[in-house]
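Structure first, commentary second.
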Amino acid sequence: MAEPPMKKPAASTIRNVAHAAGVSVTTVSRHLNGRIKLPAETSERIRAAVAKLEYRPNAIARRLSKGRSETIGLIVSDISYPFFAAIASSAEEEASRLGYSLVMFNSRNIAAKELAFLSRIDDAQVDGILLMTNHPDDGALVEKINACSNVVLVDEDVPGAVAPRLFADNRLGAQLATDHLLAHGHEAIAFVGGPPALLSSKERFGAFKDSLGRSGLRMNPDHVFFGDYDEQSGLRAILQFATLDNPPTAIFASADMLALGILQGCRRLGITVPADLSLVGFDDIRNVDLLDPPLTAIHQSAEEFGRRAVGLLIDHINGAEIPDAAPVAVKLVVRHSVAAPRTRQWEPAGNASSENRTPIRA
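Here is the structure:
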């Protein structure tokens, strides 16, 4: 005859802990929730009882007692973007280390979705939100942020928002990229950026122009292209430059995804990087060192972005005074996509002379 299955031992309760420690249930509860300061000897008795009895507080009850969900949200404009995915991974790891769960919302860069996700704070589903938007605001987003509490802006700004911010040192990054191209002898340097109204575009473009000015060069308006931070915009940029009588000898792509589109267009046009055209990116996303050629890029740490952003948000939730955050550091990572300019201008394959060129469309 088969023996009856063994019953699982009953989980220890807070009453068991209180009895073992020789204190009241209320004292144990307030101590575990950080709402009372006890003598060291009493605290040690409670700690020892918790360890011996393997007591685990009921998570739901603990959250109710604190009036918090112990969950934070992360709104990402496009999780398929490698740099954003890396930030999300780092943020989740740091949140877990600090005892929080992290819920991610992929807005697909749609403002209505961002507004809906921010309402999760009002509904007490999350204690706060890290917002990574990537489009200009028409006023609705800043209004919602200021009506909420506990929002931290990450990577891009929402002008007028009353919230802590964490951005990269965009100006220094653009200066390093442009100066690197200037040091190789380039004068006809193009800028390819994201939406011109975004903080990152403004700061990177501004620093690009300043670097040219310090070298005594004037920016050629024909060598400037703004689009989205994606491959398609990079492709459109290089195809547009290919129609010029005097195309650039180098390009500063203010995001690596733009650089990928530029490389795609170069292959289509028969332009060799860096022999015909030098290229520098921004972000230093994973695997750009495996491209042909390996991409020289401005590195900004996704790990630092995620870790510091979570710390800022939790401090904000806890009512700490939040000083202006120092920007996330950047550095130039030199690989093999930059060389000295050619003595003659590059000619896209199939276009023997500038006189016979016709516009090429993406």
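End of the sequence shown sits at 362 in the UniProt record's numbering; the numbers just go up one at a time, nothing left out.
No residue lacks a Cβ here, since even glycine has one placed at the ideal position from N, Cα and C.
Query                                                                                                                                                                      : Result
So, is Val273 buried or exposed, given that buried needs 16 or more other C-beta atoms within 10 angstroms?                                                                : buried
So Leu239 and Gly270 are in contact, right, with Cβ under 8 Å, and what is the actual spacing, rounded?                                                                    : Incorrect: roughly 13 Å between the Cβ atoms, too far for contact.
If you reduce the DSSP assignment to three classes, tell me which class Val152 lands in.                                                                                   : strand
Between Ile79 and the rest of its own chain, which residues show a CB-CB distance below 8 Å, the 5 nearest in sequence each way excluded?                                  : Ala85, Ala88, Met104, Asn106
If Ser77 and Met132 are in contact, beta carbons under 8 Å, what's the gap, nearest whole angstrom?                                                                        : 6 Å
To which residues of the same chain is Lys331 closer than 8 Å at the C-beta, ignoring the five residues directly before and after it?                                      : Leu176, Ile298, His299
Using DSSP bridges, identify the partner residues of Asn106.                                                                                                               : Val76
Determine the contact status of Val328 and Ala168, defining contact as a CB-CB distance below 8 Å.                                                                         : yes
So Val17 packs on Ile46, CB below 8 Å; how close in whole Å?                                                                                                               : 7 Å
Go to Ala300, then tell me how far its beta strand (DSSP E) extends in each direction, as first and last residue.                                                          : At residue 300 the sequence reads Gln, which differs from the Ala that was named. Here the beta strand (DSSP E) through Gln300 covers 296 to 300.
Which word fits Ser24, buried or exposed, when buried means at least 16 other C-beta atoms lie within 10 angstroms of its C-beta?                                          : exposed
Report yes if the CB atom of Pro293 is closer than 8 Å to the CB atom of Ser254, and no otherwise.                                                                         : no
Just confirm the distance between the C-beta atoms of Ala20 and Leu53, as a whole number of angstroms; I'd bet it's less than 8 Å.                                         : 6 Å
Closest to Tyr55 by C-alpha separation, out of Phe191, Ser29, Ser278, His180, would be which residue?                                                                      : Ser29
Within the same chain, show all residues whose beta-carbon is closer than 6 Å to that of Ala340, passing over the 5 residues directly before and after it, in chain order. : His184, Gly185
Terminal residues of the continuous alpha helix (DSSP H) containing Lys113?                                                                                                : 111 to 122
Exposed or buried, which one is Ser211 when buried takes at least 16 other CB atoms within 10 Å?                                                                           : buried
Within 10 Å of its beta-carbon, does Leu246 have 16 or more other beta-carbons around it, so buried, or fewer, so exposed?                                                 : In the sequence as presented, Leu is not what sits at residue 246; that position holds Asn. With fewer than 16 other Cβ atoms within 10 Å, it is exposed.
Given a threshold of 16 other Cβ atoms within 10 Å of its Cβ, counted over all protein chains shown, does Ile110 qualify as buried or as exposed?                          : exposed
Report the residue from Glu303, Ser278, Ser149 whose alpha carbon sits nearest the alpha carbon of Val334.                                                                 : Ser278
Around the Cβ of residue 363, are there at least 16 other Cβ atoms within 10 angstroms (buried) or fewer (exposed)?                                                        : Given a span of 1 to 362 for the chain in the structure shown, any question on residue 363 remains unanswerable.
Asp276 and Arg342: beta carbons closer than 8 Å?                                                                                                                           : yes
For the putative contact between Val151 and Ala163, defined by C-beta atoms under 8 Å, what is the C-beta separation to the nearest angstrom?                              : 5 Å
Beta carbon of Leu115, beta carbon of Phe305: below 8 Å?                                                                                                                   : no
Taking C-alpha atoms, which residue in Gly128, Thr27, Asp179 lies nearest to Leu74?                                                                                        : Gly128
Could you give the DSSP three-state label for Arg236: helix, strand or coil?                                                                                               : helix
So which of Leu172, Thr178, Glu156 has the shortest CA-CA distance to Pro196?                                                                                              : Glu156
At the level of alpha carbons, what is the spacing between Asn356 and Phe241?                                                                                              : Here Asn356 scores only 36 on pLDDT, less than 50, and its place in the model should not be relied on; the value that follows carries that caveat. Asn356 and Phe241: Cα-Cα distance of roughly 15 Å.
Assign Thr178 to buried or exposed, taking buried as 16 or more other Cβ atoms, counted over all protein chains shown, within 10 Å of its Cβ.                              : buried
Buried or exposed: where does Ser354 fall if 16 or more other Cβ atoms within 10 Å of its Cβ makes it buried?                                                              : The predicted position of Ser354 is uncertain, since its pLDDT is 39 and thus under 50; a value taken from the coordinates is nonetheless stated next. Burial call: exposed.
Indicate the three-state DSSP secondary structure (helix, strand or coil) for Asp283 in the structure shown.                                                               : strand
Taking only the alpha-carbon atoms, compute the straight-line gap between Leu130 and Asn146 and give it to the nearest angstrom.                                           : 14 Å
Could you give the distance in angstroms between the alpha-carbon of Asp123 and the alpha-carbon of Cys148?                                                                : 11 Å
At a cut-off of 7 Å, would you count Ile46 as near the ligand HEM, judging by its Cβ distance to the nearest heavy atom?                                                   : Absence of the ligand HEM from the depicted structure is noted, as is the absence of any ligand whatsoever, leaving it without description.
Starting from Met219 and walking both ways along the beta strand (DSSP E), at which residues does that stretch end?                                                        : It is not in any beta strand (DSSP E) - Met219 carries neither H nor E in the DSSP assignment.
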